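Residue numbers (the working numbering): 17 to 132.
Beta carbons are placed, not taken as given, at the ideal position from N, Cα and C, and that holds for glycine.
Bear in mind that the values here come from a model prediction, so they are computed numbers and not experimental data.
Below, the structure is given as structure tokens:
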């Protein structure tokens, strides 16, 4: 049996990711979650086709967990920006939803508390 090795590009990518600070990885993941949630909330060029509130709820809840758990490590400036973006998405979800969640039961509110 021959041993499989990674191509040079893969080895380089692994080394590169090892050099990226954890805060940058967390922030990048949060931005991806925000972008996807915004599209699913209907905040895109074609909201009639791309709106999916079930998917948006999952993405916003995941984002809320990530932001809440990582806020102490992000520093005030980064954490505040992410919290503001999260809150905007929670409000956009509420506006897009035909059936309103009870206060404190909206996406991510388990982690953030009620949003109004």
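When DSSP labels each residue in this structure, what does residue 133 get in the three-state scheme?
The chain is shown only over 17 to 132; residue 133 falls outside these bounds and no answer can be derived.
If you compare alpha carbons, which of 132, 128, 121 and 112 is closest to residue 63?
Residue 112 is the option with its Cα nearest to residue 63.
Hey, quick one: how far does the alpha helix (DSSP H) through residue 122 stretch, first residue to last?
Taken as a continuous stretch (DSSP letters only), residue 122 belongs to no alpha helix (DSSP H), as it is neither H nor E.
Cβ-Cβ distance between residue 96 and residue 131 below 8 Å
Between residue 96 and residue 131, the C-beta spacing is not below 8 Å.
Beta carbon of residue 140 nearer than 8 Å to that of residue 67:
Lying before the first or after the last residue shown, residue 140 is absent from the chain, which here runs from 17 to 132.
Assuming residue 72 contacts residue 53 (C-beta within less than 8 Å), just tell me the rounded distance between them.
Contact holds; Cβ gap of about 5 Å.
Per DSSP, what kind of secondary structure is residue 79 in: helix, strand or coil?
Residue state, collapsed to three classes: helix.
When we look at the beta-carbon of residue 109 and count the other beta-carbons within 10 Å, is it buried (16 or more) or exposed?
Counting of Cβ neighbours within 10 angstroms places residue 109 among the buried residues, the total reaching 16 or more.
Would you mind sorting residue 115 into buried or exposed? The rule is 16 or more other CB atoms within 10 Å of its CB.
Residue 115 comes out exposed.
In its own chain, which residues sit with a C-beta less than 6 Å from the C-beta of residue 28, not counting the 5 before and 5 after it?
Cβ neighbours of residue 28 beyond the five flanking positions: none.
Rounded separation between residue 42 and residue 92 - CA only
Using only the alpha carbons, I get a separation of about 15 Å.
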